[in-house]
Amino acid sequence: QDEEKWDYVLVSDIHQMGSEKEIKRKKFLDELSKKGFTIKKIEDNKLFYGVRAPKHIFRKYQWLLRNPDSRLQNNDAQQDVPVTTRIRIVNFILHNTVTPDLEKLRDLMKKKVFEAMFPLHEKEEVREFLKEKWARWRDIFCLQPIEKIRCYFGEKVALYFAWLGWYTYLLGFAAVAGLVIFVAGITVFNSSQVSKDICEANDTIMCPLCDQKCPFWRLSDTCTYARITHMIDNEGTVSFAMFMAIWATVFLELWKRQRARVVTKWDLYGWDEDEEELAMELINNLQHEPRKYQHSYLRSTIVLLLVLVMIAVLIGIAHALVIYRVVATALLTQSNSEFFREQANMVAVITGAVLHYITIVIMTKVNRRVALFLCDMEKPRTFSQRENNFTIKIFIFQFLTNFSSLIYIAFFLGRINGHPGNYVRIAGKWRLEECHPSGCITDLFIQMGIIMMLKQTISNVVEYLVPWLTHKIRKRQKHPKKRQLVLGEEEEVEDPCKKQWISNYRLNEVNIFSLFDEFLEMVIQYSFTTIFVAAFPLAPLLAFINNLIEIRLDAIKMMRLSRRMVPRKANDIGIWLQVLEAIGILAVIGNGLVIAITSDFIPVQVYKYTYSPCMTENSTAVDCLTGYINHSLSIFRVQDFEPDTKLPEKMQDFVSSEITECRYRDYRNADDYSYTVQFWHVFAARLAFLILFEHAALCVKLIAAWYVPDVPQSVKNHLLIEKHNNLRKELSMMEYSTEV
């Protein structure tokens, strides 16, 4: 049985005898034979080469990387190398075997000498167990068998699923809290004094929303919008933003503990990647010289400049989206359809969000190419160093692609557009957008909602359907030929390996980035759930539902639709941990800014405690927020409009000539349109709140990080006892040998 186990399969087209490709292939296979590899050839409509490494390679590996204390036990106890380690060593040797023409396997694959290479999905009981108990939709709420995943896919994949499971488990708590806040918002839907003021403001006439024939409008027309805004923008959201900042810290601290437990169980706590790589290099070639660490300031400067150029491009795309919305609003307000005229702003916001999603999809592909190019420029020494460099770059690019438009809506929309009679314009023509009198937070809510929904539904469907369809098509294509062959030559006995190799070849190929992509998707989602959560309390709930599906999707993809991944060893999730910690800090800053700048929380509080009837007249009979809306709108004299502004002649309900002044959202004086004292009062309160919120949240984060130790006591004690026992054994061996 063991003789029929093959570590790896190489696939090649059938080339003509004596052709360049055939000669190159033969040279490569000869090199492998010299190293003692067994090679088996099977011919179908492709050539399949099974490769099995000789036992001495694995003995060398065990000897080089044995625990220092393993010499103390008897040396005859030869343990078998686990399958995952076997595949990893063979993969390394295949990739680093050099032909006499100084070509490696990677060069041969580029020249189409070999078409594919992959380890096999074996008929092991671990695989059957995972197929039945893990890669099934019905187990969606069950715990994952992390140990078994490790035995089949190696530590790196197992740690990804352990992390994803832990993240999803803790998201459950955040999701419940977010849902409670949202439901509480709906219940106070009608009771808010601010939205009551807006709904009753029949005689408050607002300035036109565009320059060409836009009507004046009554504030009470936007009653529903105001109510929706209050549903999101209330006191509960502030506490929820604080809660999420603490949640992000606690999640990471608890994950560090969880990881320490898991890797101690696997005996990888002190594992050293460099040592393992050097060992494999020497097993492959005894004359090998290690690649030294290099650093060039010139190269780093060039990479940095190129990164900045790319960031500028991404910010430019965000600008383009803003311009689209401005122009779309201007054109829609002049359209013939009444629906578009009235809902111009809403339509522009929604189509803008969909466009943003499309740019995310396109730029993701561009970002990857650019990040890879920059990584190659840096010439990293090891695979993991390359992966870390790549991770940081692509995360920065993806973060800006996903968030630039949101950052604009949250912090710039309606703050840089000037005032009636003196608007800021794009190309001197189109006015920048304004916020609704009840605040900007609803725009942010819509944008977040659309992007999260689209990202999660479309991305998941594509992620599952594409591999599934490819798999089905590949299966279809190859069947007929095979059947004819069987019919024609019935006397030929079918090789048992042939069926297995061909079925593995028909699965979808995996590459180095398969797991990386999953991580990136989750980390961007983690940013959505924490950074602007103040504007979208449902984010954790959407993420929670998505993750339950995601875990099983990934499992089914890995077990049933894709070739086997090359197992990699790891004892943590690598640089992703630093990325997550950075997002945690950004989340505090982001939520602080959303509450201080985007939301109306601060102006409302300033009004309540300074200017409200409760303060000025000491009357407790009225609601303290009565008159807030009137207080937050400034007066504009119609005669001061810019000369090229065209007002419509006829208007429903108003006579144009009778209107002498209109209102707009800002704190400005009626005579010279300079800022009022209230503006500076609110501005100071916003800054003070921002500083307080961020310092308080960061202090709480630090306290939480100190309070929850990274490594559990049980793990520390386990390592301590192990060291103690090893030293005691060494000492007794020494005394025994001196007595002899």
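All the letters of the sequence shown, read from the start, carry residue numbers 31 to 770 under the working numbering.
Beta carbons: idealized from backbone N, C-alpha and C, even for Gly.
Span of the alpha helix (DSSP H) around Glu311 | Glu303 to Asn314
Find the nearest neighbour of Val210 within the set Gln242, Ile262 and Ser63, judged by alpha-carbon distance.
-> Ile262
In its own chain, which residues sit with a C-beta less than 6 Å from the C-beta of Leu484, not counting the 5 before and 5 after it?
-> Tyr387
Can you tell me which of the three DSSP states Gly469 falls into?
-> strand
Mind checking Ala718: buried by the 16 CB within 10 Å criterion, or exposed?
-> exposed
Residue span of the alpha helix (DSSP H) that contains Val218, given as start and end = First-last for Val218: undefined, no H or E at that position.
Close-in-space but distant-in-sequence residues of the same chain around Glu154 (CB under 8 Å, 5 per side omitted) | Val113 and Tyr182
So, using beta-carbon positions, are Val379 and Arg355 closer together than 8 Å?
-> yes
By the 10 Å Cβ neighbour count, where 16 or more other Cβ atoms means buried, how is Pro84 classified, buried or exposed?
-> exposed
Please state whether DSSP places Glu73 in a helix, a strand or coil.
-> strand
Buried/exposed call for Arg445, threshold 16 Cβ in 10 Å = exposed
Reducing DSSP to helix, strand and coil, say where Tyr703 ends up.
-> coil
Report the rounded CA-to-CA distance for Thr431 versus Leu351, giving the unit in angstroms.
-> 12 Å
Output the distance between the C-alpha atoms of Leu173 and Asp43, rounded to the nearest integer angstrom.
-> 43 Å
Please go through the same chain and pick out, in chain order, the residues whose beta-carbon is closer than 7 Å to the beta-carbon of Lys512, but skip the five residues on each side of it.
-> Confidence at Lys512 is low in this model, with a pLDDT of 45, below 50, so the placement of that residue should be treated as unreliable; the coordinate-derived value is given next. Here the set comprises nothing.
Going by Cα to Cα distance, which pick from Ala700, Thr412 and Val712 is closest to Glu305?
-> Thr412
Cβ neighbours of Gly518 in the same chain (closer than 6 Å, five flanking residues each side left out) = Low per-residue confidence applies at Gly518: pLDDT is 46, beneath 50, and the placement is therefore not dependable, though the value from the model is reported in the following sentence. There are no such residues.
How big is the Cα-Cα spacing for Thr559 and Phe273?
-> 12 Å
Using the rule of at least 16 other Cβ atoms within 10 Å of the residue's Cβ for burial, across every protein chain shown, is Trp164 buried or exposed?
-> buried
For Leu495 and Phe562, believed in contact at Cβ under 8 Å, the rounded distance = Going by Cβ atoms, the distance from Phe562 to Leu495 rounds to 30 Å, so no, they are not a contact pair.
Is Val712 helix, strand or coil when you go by DSSP?
-> helix
Flag this pair as yes or no: are the beta carbons of Thr115 and Glu61 separated by less than 8 Å?
-> no
In the DSSP assignment, find the unbroken beta strand (DSSP E) run with Glu611 in it and report its ends.
-> Per DSSP, Glu611 belongs to no beta strand (DSSP E); it is in the alpha helix (DSSP H), Trp606 to Leu623.
Going by the CB atoms, is the gap between Cys465 and Arg695 shorter than 8 Å?
-> yes
Going by alpha carbons, who is nearest to Arg590 out of Tyr535, Ala734 and Arg758?
-> Tyr535
In terms of residues, what are the limits of the beta strand (DSSP E) holding Ala165?
-> Looking at the DSSP string, Ala165 is not in any beta strand (DSSP E), and its letter there is neither H nor E.
Distance between beta carbons of Leu623 and Ala440, contact taken as under 8 Å = 7 Å
Are three or more beta carbon pairs between the stretch 135–146 and the stretch 561–580 nearer than 8 Å?
-> no
Straight-line gap, Val337 to Lys423 (C-alpha atoms, nearest Å) | 8 Å
If Thr234 sits next to Arg693, beta carbons under 8 Å apart, how far is it from one beta carbon to the other, in whole angstroms?
-> 6 Å
Taking only the alpha-carbon atoms, compute the straight-line gap between Val634 and Arg329 and give it to the nearest angstrom.
-> 52 Å
Span of the beta strand (DSSP E) holding Val41?
-> Tyr38 to Ser42
In terms of alpha-carbon separation, which member of Cys729, Ala617 and Ile586 lies closest to Arg157?
-> Ile586
Among Phe270, Ile481, Phe420 and Asn315, which residue has its Cα nearest to the Cα of Gly382?
-> Ile481
Contact belief for Leu610 with Tyr658 at Cβ below 8 Å, rounded distance in angstroms = So it is not a contact: roughly 40 Å between Cβ atoms.
With a floor of 3 residues, list each beta strand (DSSP E) that falls wholly inside the stretch 479–513, ordered by position along the chain.
-> none
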